[in-house]
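Which chain is which? The protein sequence lines are G and D, in order. If you count the first sequence from 1, position 191 lands on 191 in this note's numbering, and the numbers rise without skipping. Converting from the second sequence to this note's numbering requires adding 1000 to each position, the first position being numbered 1. Note that CB positions come from ideal geometry on N, CA and C, so glycine has one too. It should be emphasised that the depicted structure is a prediction, and the values quoted were computed from it without experimental measurement.
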Amino acid sequence: MDLALPALTVLVLAAPGFTFRQAYLRGLRGLPVRPRAFAEEVAMGLLVSALLHTIAVAAAKYLAGIEVDFLAVGRLLSSNYGSNGEFLAPTVAAVAGHRGKVFGYFTVVLAAAFGLGVIAHGLVRRSAGVRDVWLLGFRDDWHRLLTEGVFAQEANAGAPVSDVFAEVSAVVPMGKDDYVYRGVLLGPQNIRFDQNGELDRFILTAAARRKLSDDGNPDEQRFYEIKGDLFVLRYHETKTLNIRFLALVEESESEAEGAAAEKGDPEAATQADD
Amino acid sequence: MAWEESKKVREILGKPTVQSQLVKELYGARKGSKPVVLELSGRRYRVVDVQRMGSSEAASTKR
């Protein structure tokens, strides 16, 4: 009990800080993040916990008139109940006698920590400048690169682009040869990350492949379709990776009409007229 | 803005005939090739490189 109770007390007191950190880093959608060093994360969690408890204790006193017995907390943390254990009974009474308030306090603080974490995540994620600050960064390099970074080209297009998909090309060594695999990534939900926030695999459709050495032969059919509905490309098996973001632009009636006329297809041209 | 799943993309590119067309025309495209145009239900969709698209094309993805 001498070791377990102080450890349990530290764990309970630190829980709001770690809850805040997880909610802040991952948000509601569970952003795939690269974890920090254990000591670094513990230090941050404890610091946030101390801050949250400071605010919560003051709020409990002024809003609900609840006073925290810091002496009892200190005894629980240090496991010091006097030379003859004379302070054990008052300490137990301080917690057990107010178990409803203690439970309520931690429930509210944990819920607030989670809510504040999610709100802070949303605010920081919208601001690239703040997000690049080392201490505030989410460490979601791969996720950010593949789902957000490339959309800086909105500046080129001058307007948000929808109906986007990606063409993924990768060189995969197989035996003595290198093969180029190519496929379509329909959306970001088809990218998988591992528990360390690293890119793990793509789930592609319309997959095809060819030998890299066939590049120089102009007569060679460039790609051979791989029959199947889904193709899983594991990032760790690739040598190099290329991603091209494409969009579907619906042609206007006049464009469709022009294309039909170019093909010499009067029926299609009439349909376009209709 | 983050990349989001598009229902239209899933619907059009999910068709096996369109996928075969992509393999032949998009993957096999060389420099100076004609743009790839996909046809579905009487509508025509041009495949455009997002990095090179202009503002009018970007706006038309909203149609």
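message: Suppose contacts are defined by Cβ-Cβ distances below 9 Å. Is E251(G) in contact with V1050(D) by that definition?
response: The count along the first sequence starts at 1 and reaches residue 251(G) at position 251. The count along the second sequence starts at 1 and reaches residue 1050(D) at position 50. No, they are not a contact pair.
(Q) Below 8 Å on C-beta distance, what does E1005(D) contact in chain G? (A) Along the second sequence, read from residue 1 onward, the residue named residue 1005(D) stands at position 5. The answer, in chain order, is L186, G187, P188 and Q189.
*Check the Cβ-Cβ distances between S1020(D) and every residue of chain G, and say whether any is below 9 Å.*
Against the second sequence, residue 1020(D) aligns to sequence position 20. With 9 Å as the cut-off, S1020(D) counts as an interface residue toward chain G.
Practice item. Compute the beta-carbon to beta-carbon distance between G197(G) and P32(G), rounded to the nearest angstrom, for a pair I have assumed lies under 8 Å. Key: Position 197 of the first sequence holds residue 197(G). Position 32 of the first sequence holds residue 32(G). Yes, G197(G) and P32(G) are in contact; Cβ-Cβ is about 4 Å, under 8 Å.
Notebook entry, point to check: chain D partners of A170(G), CB-CB under 7 Å?
Noted result: On the first sequence, residue 170(G) is found 170 positions in, with the first residue counted as 1. In chain order: nothing, as chain D lies at least about 13 Å away.
**Prompt:** For D274(G), does the count of other Cβ atoms within 10 angstroms reach 16, so buried, or fall short, so exposed?
**Reply:** Counting from 1 along the first sequence, the entry for residue 274(G) is found at position 274. Annotation note: pLDDT 39 at D274(G) (below 50); position unreliable, no value reported.
Review point. Beta-carbon of R244(G) versus every beta-carbon of chain D: anything under 9 Å?
Key: Stepping through the first sequence from its first residue, residue 244(G) is reached at position 244. Yes, because at least one Cβ of chain D sits closer than 9 Å to the Cβ of R244(G).
Practice task
Note down, in chain order, each residue of its chain lying with its Cβ closer than 7 Å to the Cβ of I1012(D), except the 5 sequence neighbours on either side.
Solution key: Stepping through the second sequence from its first residue, residue 1012(D) is reached at position 12. Result list for I1012(D): V1018, L1038, L1040 and Y1045, in chain order.
Quiz prompt | Boundaries of the beta strand (DSSP E) in which V1036(D) is found, first to last residue | solution = Here residue 1036(D) corresponds to residue number 36 of the second sequence, with the count starting at 1. Element bounds for V1036(D): n/a, residue is neither H nor E.
Name the residue from V232(G), A113(G) and G27(G) whose alpha carbon lies nearest to the alpha carbon of F202(G). Walking along the first sequence from the start, residue 202(G) turns up at place 202. When only C-alpha atoms are compared, the closest one is V232(G).
### beta strand (DSSP E) segment containing S200(G), residue limits
Position 200 of the first sequence, counted from the start, is the residue given in the question as residue 200(G). In the sequence on display, residue 200(G) carries Asp and not Ser. Unbroken beta strand (DSSP E) run through D200(G): L199 to K211.
| query | Would H236(G) be called buried (16 or more neighbouring beta carbons within 10 Å of its own) or exposed? | reply | Walking along the first sequence from the start, residue 236(G) turns up at place 236. Flag for H236(G) reads exposed.
For V172(G), which three-state DSSP category applies? Translated into the one-based positions of the first sequence, residue 172(G) becomes position 172. The answer is strand: DSSP assigns V172(G) an E or B state.
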